[in-house]
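Below is one structure, written out as structure tokens, with a few remarks after it.
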Amino acid sequence: MTLAITLHILAAVVWVGGMFFAWVVLRPVAASQLEPPARLTLWRGVFTRFFPWVWAAVAVLLTTGLWMLFAVFGGMGGARWHIHLMLALGLAMMAIYLHLWFVPWQRLQRAVVAEAWPEGGQQLAIIRRLVGLNLLLGLLTSAIAAGGRYLG
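Residue numbers (my numbering): -2 to 149.
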């Protein structure tokens, strides 16, 4: 259990912390200092390095979360409400990430290669909104993980 929860928390920190840095720190600076070609090229590079970590985090979160759910809590019936809520939020985050990966991210990459900057800007705006949504869900899930057991 100790290894599973440690890996689970580390994976969540990597994913949510990466989104926080990208959305709250990097995005405003890049938007204020870089013209669209440089900004879109930067984001393509950033996502190319960050997304493999997200895939790893998703795999670790699913594996360790389900292992703890069934091995520690004895399945869905043995888990308290906050575990169910964390699972639902985590699955929603994963679904949002899958959409982000397969649709706007692929389009952004093609736009940057083709130097289609307006199209790339539209896709980056979609990615920004999806990352913002996932960041909110990730922070909520983290708060539930930290304090859910203490709430009734």
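Built from N, CA and C at the ideal position, the CB exists for glycine as well.
Being a predicted model, the structure only gives us computed values, none of them experimental.
Own chain, CB closer than 7 angstroms to residue i, minus 5 neighbours either side, in chain order
i	result
Pro33	Trp114 and Gly118
Phe18	none
Separation of residue j from residue i, as counted between CA atoms
i	j	result
Arg146	Ser29	42 angstroms
Trp64	Arg41	34 angstroms
Val110	Ala1	40 angstroms
Met91	Trp78	20 angstroms
Glu116	Ala27	18 angstroms
Gly15	Arg125	13 angstroms
Thr3	Leu59	13 angstroms
Thr(-1)	Arg107	43 angstroms
Leu7	Leu37	29 angstroms
Nearest-angstrom beta carbon gap, residue j and residue i [assumed within contact, 8 angstroms]
i	j	result
Val57	His5	7 angstroms
Residues near residue i in its chain [Cβ-Cβ closer than 8 angstroms; skip 5 each side]
i	result
Ser139	Ala9 and Val13
Leu130	Ile93
Cβ neighbour criterion (16 or more within 10 Å) applied to residue i
i	result
Pro101	buried
Thr61	buried
Ala143	exposed
Leu148	exposed
Sequence-distant residues of the same chain with beta carbon closer than 6 angstroms to residue i, five excluded per side
i	result
Val128	Met16 and Trp20
Interface flag, residue i vs chain D, CB-CB below 8 angstroms
i	result
Ala19	The question asks about chain D, but that chain is absent: this structure has only one protein chain.
Cβ pair count under 8 angstroms reaching 3, the segment 45 to 55 against the segment 123 to 138
no
Would you check if the segment 124 to 134 and the segment 85 to 99 touch, i.e. whether three or more CB-CB distances between them fall below 8 angstroms?
yes
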